[in-house]
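Novice:
There are 2 protein chains.
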Amino acid sequence: MNGTWKRRRISEKLAEKVLEVAHQHGYIPNRQASALRKNRSGVLGMIIPVYDNRYFSSIAQTFEKLAREAGFFPTITCTQRDPELEEIAARSLMSYGAECLICVGATDPDAIAQITKPAGIRTINLDLPGTQAPSIITDNYTASFELTKTIIERLDLDDGQRTTDLLFIGGNGNDHNTQQRVKGFVDAHEDTGLIPQDNFIQICGYEADSTETCFSRFVSENSGLPNGIFVNSTISLEGVINWFHKTGIHRLNNIPLGCFDWDPFAALLGKNMIMTRQNVPEMMRMLFKEIASPSSNEVTQIKAELVM
Amino acid sequence: MNGTWKRRRISEKLAEKVLEVAHQHGYIPNRQASALRKNRSGVLGMIIPVYDNRYFSSIAQTFEKLAREAGFFPTITCTQRDPELEEIAARSLMSYGAECLICVGATDPDAIAQITKPAGIRTINLDLPGTQAPSIITDNYTASFELTKTIIERLDLDDGQRTTDLLFIGGNGNDHNTQQRVKGFVDAHEDTGLIPQDNFIQICGYEADSTETCFSRFVSENSGLPNGIFVNSTISLEGVINWFHKTGIHRLNNIPLGCFDWDPFAALLGKNMIMTRQNVPEMMRMLFKEIASPSSNEVTQIKAELVM
DNA sequence: CTGAAAGCGCTTACAG
DNA sequence: CTGAAAGCGCTTACAG
Numbered sequence: 166m167n168g169t170w171k172r173r174r175i176s177e178k179l180a181e182k183v184l185e186v187a188h189q190h191g192y193i194p195n196r197q198a199s200a201l202r203k204n205r206s207g208v209l210g211m212i213i214p215v216y217d218n219r220y221f222s223s224i225a226q227t228f229e230k231l232a233r234e235a236g237f238f239p240t241i242t243c244t245q246r247d248p249e250l251e252e253i254a255a256r257s258l259m260s261y262g263a264e265c266l267i268c269v270g271a272t273d274p275d276a277i278a279q280i281t282k283p284a285g286i287r288t289i290n291l292d293l294p295g296t297q298a299p300s301i302i303t304d305n306y307t308a309s310f311e312l313t314k315t316i317i318e319r320l321d322l323d324d325g326q327r328t329t330d331l332l333f334i335g336g337n338g339n340d341h342n343t344q345q346r347v348k349g350f351v352d353a354h355e356d357t358g359l360i361p362q363d364n365f366i367q368i369c370g371y372e373a374d375s376t377e378t379c380f381s382r383f384v385s386e387n388s389g390l391p392n393g394i395f396v397n398s399t400i401s402l403e404g405v406i407n408w409f410h411k412t413g414i415h416r417l418n419n420i421p422l423g424c425f426d427w428d429p430f431a432a433l434l435g436k437n438m439i440m441t442r443q444n445v446p447e448m449m450r451m452l453f454k455e456i457a458s459p460s461s462n463e464v465t466q467i468k469a470e471l472v473m
Numbered sequence: 166m167n168g169t170w171k172r173r174r175i176s177e178k179l180a181e182k183v184l185e186v187a188h189q190h191g192y193i194p195n196r197q198a199s200a201l202r203k204n205r206s207g208v209l210g211m212i213i214p215v216y217d218n219r220y221f222s223s224i225a226q227t228f229e230k231l232a233r234e235a236g237f238f239p240t241i242t243c244t245q246r247d248p249e250l251e252e253i254a255a256r257s258l259m260s261y262g263a264e265c266l267i268c269v270g271a272t273d274p275d276a277i278a279q280i281t282k283p284a285g286i287r288t289i290n291l292d293l294p295g296t297q298a299p300s301i302i303t304d305n306y307t308a309s310f311e312l313t314k315t316i317i318e319r320l321d322l323d324d325g326q327r328t329t330d331l332l333f334i335g336g337n338g339n340d341h342n343t344q345q346r347v348k349g350f351v352d353a354h355e356d357t358g359l360i361p362q363d364n365f366i367q368i369c370g371y372e373a374d375s376t377e378t379c380f381s382r383f384v385s386e387n388s389g390l391p392n393g394i395f396v397n398s399t400i401s402l403e404g405v406i407n408w409f410h411k412t413g414i415h416r417l418n419n420i421p422l423g424c425f426d427w428d429p430f431a432a433l434l435g436k437n438m439i440m441t442r443q444n445v446p447e448m449m450r451m452l453f454k455e456i457a458s459p460s461s462n463e464v465t466q467i468k469a470e471l472v473m
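Which chain is which? The protein sequence lines are A and B, in order.
Residue 166 is where the first sequence starts when you use the working numbering, and the numbers rise one by one after that.
Residue 166 is where the second sequence starts when you use the working numbering, and the numbers rise one by one after that.
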């Protein structure tokens, strides 16, 4: 049934007859048994924070397509940015025979590599880098630098003003991406001869709720809206937009709003929306190159695109 | 390692010692071998059209969460509304031992039930119904009726006008959901003493591109915008919004726009957006009820919610 | 009560 | 060249 008859003295005619009968009876090979014997399952596991935004859903969709085309069986599991769930999911995928584990935006990729290593299972990091496995990520610094510059150009600054009153909001202070994006944000200020205020950098988590709360507090402490906003992900953007929705959505039109990540509907909100679109197809291409021929534990950075 | 020691005369102390050593060595049980022997894999398979919209991504996310809570191993695969890929994916999931196959928005759910039946594998349909397995779907007729009524209320109709000039766009004429939504659309007209024009019902596929092309053609043939628009899914909405983006996004404010499906950013586009939000948590609750205790091949309809 | 054998559905090295 | 045995990592019915 698996084609090995070709290596035997079995006629094509007989083989076809057998295959035909098997097909009629609805025979489906048991890949679990095959995997057990061959010590090769063809399963490619992926853990990903969530499905419900364009960046991650597009990663999941492209990954599945390419994996199937390469003859693998893709299995994705979403782990809600919960490090404990990430470990459980990793073990579970290994239990089910995953040959290789792709960790997307994992809280602690090195901890997962630590689990897979003794079992001889490879790990590849995507979106957030680690040190124990090859990593493929966006060039967050450059993309953030460019996004910030573009927002600053659109700000309504007084002559001789040294500060921008531009707010950076959202993200996780412990993750590499947020750190690099803050760095790009700060450097873009300096590059323009401006300085960002300390309390204008609000790292309050990615979640919509926490971002909305944070933004609301910021506005009341600041006694008004900032000059412009840099939102760190579409997930956080939901929180910011919710605040505007509750307090007057038209105010969105008066303020330059940059968002790190892209969404087709969000891109059309307000008159001043600028979005960063990460290059998912290219990241996936690099991922399958890495799967096909393993390299060293280096970080590959992919350029993102500015969408206005 | 699997807990059966409790049925033997093995002391807890010894068991713990063994488990501890196994843990230190990074032992992970092989679920494929276990599944082979027990003839029970714990794998729950799901096929779904795409991940990249809120409705399907939320189904995927909730499914995974509940499956894991119920002790199953969820495996989702997206099949791009391609009937051939749906069959391949179904066979593939069966090969990997899926105990039960959940078909979400499948083009031909009965064809898949036909494949799984001989292997003794259950099928459950979600979103689109079939006749060979239990189905859990949205009450499309009622939701469409209500959405249409709400759009009609907002139309700027002349006194004595018999037609609404309200456009229905998007969807697939062969699928049950589109048929029911068109029925609700027509009946809501009649209920108001109005009639929909024939050429104002444009079933042009769900894809953004085909909807944009169709809308563009409609506007030029109609020599202008319709009075209002009923868009059949957020996927089709992307096409309509793209058209407005290219031709003047401000015009969105002047036209009541209803969309069957919900998206947090789309909900805030224009001043006249009305969205139908399908009740994913309730659908998932019913799904796991069905998984736990199989019923007959009936269709369960879940009410959707209107979001303004 | 418990050790050891049989067997799940495959693949492949080996004997004849 | 090819039939039949061994074995992948588990679980469980059975013998003693």
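Where a beta carbon is used, it is the ideal one built from N, C-alpha and C, also for glycine.
As the structure is a prediction and not an experimental result, all values here were calculated from the model.
Confirm, please, whether the CB-CB distance from Ala-353(B) to Lys-468(B) is below 9 angstroms.
Specialist: No. Outside cutoff.
Novice: Check the DSSP bridge columns for Cys-243(B) and list the partner residues they point to.
Specialist: Partner(s): Ile-213(B).
Novice: What in chain A is Cβ-close to His-410(B), meaning under 7 angstroms?
Specialist: By Cβ distance, chain A contributes Leu-433.
Novice: Under a CB-based cut-off of 9 angstroms, is Ser-309(B) close to chain A?
Specialist: Output row for Ser-309(B): interface = no.
Novice: Determine which residues share a DSSP beta bridge with Asp-426(A) and list them.
Specialist: DSSP lists Thr-441(A) as partners of Asp-426(A).
Novice: Please identify, using Cβ separations under 7 angstroms, the residues of the stretch 254 to 268 of chain A that lie next to chain B, in order along the chain.
Specialist: Here the close residues are Arg-256, Ser-257, Met-259, Ser-260, Tyr-261 and Gly-262.
Novice: Which full runs of the beta strand (DSSP E) of 3+ residues lie inside the stretch 296 to 348 of chain B, going along the chain?
Specialist: Fully enclosed beta strand (DSSP E) runs of 3 or longer: 300 to 303 and 331 to 334.
Novice: Whole angstroms are fine: how far does the CA of Lys-182(A) sit from the CA of His-188(A)?
Specialist: If you take the alpha carbons of His-188(A) and Lys-182(A), they lie about 10 angstroms apart.
Novice: Tell me the DSSP bridge mates of Gly-393(A)?
Specialist: Per DSSP, Leu-331(A).
Novice: So, is Asn-392(A) buried or exposed, given that buried needs 16 or more other C-beta atoms within 10 angstroms?
Specialist: Its Cβ being crowded by 16 or more others within 10 Å, Asn-392(A) is buried.
Novice: Comparing the C-beta of Thr-399(A) with each C-beta of chain B, is any distance below 9 angstroms?
Specialist: At least one chain B Cβ lies under 9 angstroms of Thr-399(A).
Novice: Exposed or buried, Gln-226(A), counting other C-beta atoms within 10 Å across all chains shown (16 or more means buried)?
Specialist: Buried.
Novice: Excluding five sequence neighbours on each side, which residues of the same chain lie with their C-beta closer than 8 angstroms to the C-beta of Glu-252(A)?
Specialist: Counting only Cβ-Cβ distances below 8 angstroms, and skipping sequence neighbours, we find Ala-276, Ile-277 and Ile-280.
Novice: Below 7 angstroms between beta carbons is the criterion; list the residues of the stretch 217 to 235 of chain B that meet it against any residue of chain A, in chain order.
Specialist: Result list: Asp-217, Arg-219, Ser-222, Ser-223, Ala-225, Gln-226 and Glu-229.
Novice: Okay, do the stretch 423 to 436 of chain A and the stretch 217 to 235 of chain A touch, 3+ Cβ pairs below 8 angstroms being the bar?
Specialist: Taking 8 angstroms as the limit for Cβ pairs, the verdict is that the stretch 217 to 235 of chain A does touch the stretch 423 to 436 of chain A.
Novice: For chain A, check one thing: does any of its Cβ atoms lie closer than 9 angstroms to the Cβ of Gln-443(B)?
Specialist: So, not an interface residue.
Novice: Checking 9 angstroms against the spacing of the C-beta atoms, do Gly-413(A) and Gln-367(A) come in under that value?
Specialist: Cβ atoms of Gly-413(A) and Gln-367(A): not closer than 9 angstroms.
Novice: Just to make sure I have the definition right: I need the residues of chain B whose C-beta is within less than 8 angstroms of the C-beta of Thr-242(A). Which are they?
Specialist: Simply Glu-229 and Pro-239.
Novice: Counting only Cβ pairs nearer than 7 angstroms, list the residues of chain A close to Ile-193(B).
Specialist: Ordered by position in chain A, the residues that pass the 7 angstroms Cβ test against Ile-193(B) are Arg-256, Met-259, Ser-260 and Ala-284.
Novice: With a CB to CB cut of under 7 angstroms and the five nearest residues on each side skipped, what residues in its chain are close to Leu-243(B)?
Specialist: What sits at residue 243(B) in the sequence shown is Cys, not Leu. Ile-213, Pro-214, Val-215 and Tyr-216, listed in sequence order.
Novice: Using C-beta distances below 7 angstroms, list every residue in its chain close to Met-473(A), excluding the 5 sequence neighbours before and after it, in chain order.
Specialist: Taken in chain order, the residues that qualify are Ile-439.
Novice: Would you mind sorting Asn-290(B) into buried or exposed? The rule is 16 or more other CB atoms within 10 Å of its CB.
Specialist: Buried.
Novice: Are at least three pairs of beta-carbons, each pair with one atom in the stretch 291 to 300 of chain A and one in the stretch 458 to 466 of chain A, less than 8 angstroms apart?
Specialist: The stretch 291 to 300 of chain A vs the stretch 458 to 466 of chain A: in contact.
Novice: According to DSSP, is Thr-378(B) part of a helix, a strand, or is it coil?
Specialist: The answer is helix: DSSP assigns Thr-378(B) an H, G or I state.
Novice: Roughly how many angstroms separate the alpha carbons of Leu-231(A) and Glu-234(B), rounded to a whole number?
Specialist: Roughly 30 angstroms separates the two Cα atoms.
Novice: Below 6 angstroms CB to CB, which residues in the same chain sit around Gly-210(A) once its five sequence neighbours on both sides are set aside?
Specialist: Answer for Gly-210(A): Thr-240, Leu-258, Ala-263 and Leu-266, listed in chain order.
Novice: Using a Cβ-Cβ cut-off of 9 angstroms, state whether Val-430(A) counts as contacting chain B.
Specialist: According to the sequence provided, residue 430(A) is Phe. The question's Val does not apply to it. Phe-430(A) counts as touching chain B.
Novice: Please identify, using Cβ separations under 8 angstroms, the residues of the stretch 180 to 211 of chain A that lie next to chain B, in order along the chain.
Specialist: Within the stretch 180 to 211 of chain A, the residues whose Cβ lies closer than 8 angstroms to some Cβ of chain B are His-190, Gly-191, Ile-193, Pro-194, Asn-195, Arg-196, Gln-197, Ala-198, Ala-200, Leu-201, Ser-206 and Val-208, listed in chain order.
Novice: Take Pro-274(B) and list the residues in its own chain whose beta-carbon comes closer than 8 angstroms to its own, dropping the five residues that flank it on each side.
Specialist: Excluding residues within five positions, the ones whose Cβ falls inside 8 angstroms are Cys-268, Thr-288, Asn-290, Leu-293, Pro-294, Gly-295, Gln-297, Ala-298 and Ser-300.
Novice: With distances taken from CA atoms, which of Asn-337(A), Val-186(A) and Val-347(A) is nearest Pro-361(A)?
Specialist: That would be Val-347(A), whose Cα lies nearest to the Cα of Pro-361(A).
Novice: What are the boundary residues of the beta strand (DSSP E) that includes Glu-372(B)?
Specialist: That residue, Glu-372(B), is in no beta strand (DSSP E); it is neither H nor E in DSSP.
Novice: Locate the beta strand (DSSP E) running through Asn-290(B), then write down its first and last residues.
Specialist: Note, Asn-290(B): beta strand (DSSP E), 287 to 291.
Novice: Applying the criterion that 16 or more other CB atoms from any shown protein chain within 10 Å of the CB defines a buried residue, is Ile-420(B) buried or exposed?
Specialist: Ile-420(B) should be labelled buried.
Novice: So with Cβ pairs under 9 angstroms, would you call Val-215(B) a contact of chain A?
Specialist: Closer than 9 angstroms: yes.
Novice: Quick one: residues in its chain with C-beta nearer than 6 angstroms to the C-beta of Leu-184(A), no 5 flanking neighbours on either side, listed in chain order?
Specialist: The answer is none, since no qualifying residue turns up.
Novice: Gln-226(B) by DSSP, collapsed to three states: which one?
Specialist: Of the three classes helix, strand and coil, the one that applies to Gln-226(B) here is helix, per DSSP.
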